[in-house]
Ligand code: FDA
């Protein structure tokens with residue numbers, strides 16, 4: 138009943154809270170996580186972007202600002218993206234799709250309220266306009282289960298004026314195969330990820346192998362469709378399946394791309410770029426980066442193994 142459900146979710150939240158404080162209090166964690174982040178400022182993010190572009194990699198930049206709890210914080214996020222675009226243009230870092238913006242809809246408005254959703258739409262339209270005028274694409278990040286529906290509605294609205302706006306879809310969710318089917322038919326730029334957020338008992342695959350199988354099914358749908366698949370994974374099995382599917386579906390280097398995080402499997406990143414495929418690196422920066430990453434790590438055990446693995450494999 139409702140009482141049991143509330144108790145279960147508050148226990149889960151308490152557990153996440155404990156994991157979060159253990160991570161925050163562990164010495165050296167901040168230094169370890171810092172290698173995956175481009176720093177706090179616009180300048181540091183664009184410095185990292187320039188270095189990556191010099192080795193043939195494309196970049197998507199994401200500003201990790203706070204969730205929008207007021208009009209003022211939403212405005213501040215819009216202003217940061219405008220500053221970022223203006224600075225990127227003046228440094229000559231745009232052109233030939235080498236730079237893209239990733240945005241977190243929750244940083245522009247509360248997605249659980251109608252007024253927040255309208256604010257997010259208006260603000261994202263401002264960011265998309267700025268990006269469009271500079272020749273940059275925009276992709277919406279996807280967060281927890283409850284944000285999926287509002288994010289897809291935002292995508293639909295934004296695409297009326299800016300048809301190249303893309304979205305991340307999470308293979309961990311049961312609904313994603315159907316979402317891929319719809320968006321592939323509409324020709325959307327879709328970033329396929331396994332999913333970094335808390336699983337939802339109403340709609341997620343639990344076992345890692347089931348998420349992997351879902352990822353492959355979704356990949357096939359996207360590669361067979363008319364859209365632009367963005368294969369965001371560090372999993373070598375998934376990248377080779379993507380390469381084989383692209384070949385069999387007749388998709389060339391202009392028709393899809395690979396994406397990875399800054400600092401993860403850098404040799405594989407340059408190998409993909411060197412063989413002529415488009416390799417885009419996700420560069421996150423901003424004052425709230427540490428609490429954002431700690432929340433992600435605390436929320437899902439696989440996120441912990443993810444960071445440990447990258448330390449061991451360097
Ligand atoms: P997974 O963690 O399942 O690992 C599988 C295999 O990959 C490993 O066995 C190993 O061989 C290799 N591998 C993985 N990590 C490695 C490492 N660190 N070092 C070396 N080898 C490694 N999530 C989300 O919910 N919403 C979003 O909007 C986004 N956006 C996003 C953008 C981009 C560009 C990326 C790369 C990822 C995201 N994600 C995301 C995160 C995504 O959902 C997922 O949590 C991580 O990518 C981890 O899953 P993987 O598919 O990389 O492999």
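Numbering (my numbering), first residue to last: 138 to 451. Where is the CB? At the ideal position from N, CA and C, for every residue including glycine. From a predicted model like this one, the values you see are computed outputs, not experimental measurements.
Cβ separation of residue i and residue j, assumed to be a contact under 8 Å, to the nearest whole Å
| i | j | result |
| --- | --- | --- |
| residue 340 | residue 359 | Contact flag wrong, Cβ pair sits at about 20 Å. |
| residue 262 | residue 298 | 7 Å |
| residue 192 | residue 407 | 6 Å |
| residue 242 | residue 291 | 6 Å |
| residue 433 | residue 333 | 5 Å |
| residue 175 | residue 399 | 6 Å |
| residue 268 | residue 222 | 6 Å |
Beta strand (DSSP E) segment containing residue i, residue limits
| i | result |
| --- | --- |
| residue 397 | 394–398 |
| residue 173 | From DSSP, residue 173 is part of no beta strand (DSSP E); its letter is neither H nor E. |
| residue 328 | 326–330 |
| residue 237 | 236–240 |
| residue 469 | Given a span of 138 to 451 for the chain in the structure shown, any question on residue 469 remains unanswerable. |
| residue 421 | 416–422 |
Contact test: residue i Cβ vs the ligand FDA heavy atom, cutoff 7 Å
| i | result |
| --- | --- |
| residue 396 | yes |
| residue 335 | no |
| residue 192 | no |
| residue 234 | no |
| residue 401 | yes |
| residue 372 | yes |
| residue 416 | no |
| residue 202 | no |
| residue 388 | no |
| residue 307 | yes |
| residue 446 | yes |
| residue 268 | no |
| residue 328 | yes |
| residue 340 | no |
| residue 410 | no |
| residue 419 | yes |
| residue 178 | no |
| residue 321 | no |
| residue 369 | yes |
| residue 407 | no |
| residue 272 | no |
| residue 423 | no |
| residue 166 | no |
Euclidean distance between Cα positions of residue i and residue j
| i | j | result |
| --- | --- | --- |
| residue 168 | residue 427 | 10 Å |
| residue 397 | residue 256 | 30 Å |
| residue 170 | residue 430 | 8 Å |
| residue 374 | residue 209 | 44 Å |
| residue 380 | residue 435 | 33 Å |
| residue 327 | residue 182 | 24 Å |
| residue 356 | residue 391 | 17 Å |
| residue 388 | residue 447 | 30 Å |
| residue 372 | residue 254 | 34 Å |
| residue 312 | residue 323 | 17 Å |
| residue 364 | residue 285 | 19 Å |
| residue 383 | residue 404 | 22 Å |
| residue 304 | residue 238 | 11 Å |
Nonlocal neighbours in the same chain, by C-beta distance under 6 Å from residue i, ignoring five residues either side
| i | result |
| --- | --- |
| residue 272 | 231 |
| residue 316 | 306 |
| residue 394 | 367, 415, 417 |
| residue 325 | 364 |
Limits of the unbroken alpha helix (DSSP H) element including residue i
| i | result |
| --- | --- |
| residue 287 | 285–298 |
| residue 190 | 179–191 |
| residue 248 | Per DSSP, residue 248 belongs to no alpha helix (DSSP H) and is neither H nor E. |
| residue 222 | 208–227 |
| residue 360 | 345–361 |
Residues near residue i in its chain [Cβ-Cβ closer than 7 Å; skip 5 each side]
| i | result |
| --- | --- |
| residue 294 | 258 |
| residue 186 | 196, 198, 230, 236, 420 |
| residue 211 | 205, 245, 246, 256, 260 |
Contacting residues, own chain, Cβ-Cβ under 8 Å from residue i (five flanking each side not counted)
| i | result |
| --- | --- |
| residue 265 | 275, 295, 298, 299, 302 |
Contact with chain D by residue i, beta-carbon distance below 8 Å
| i | result |
| --- | --- |
| residue 178 | Of the protein chains in the structure, only one exists, and it is not chain D. |
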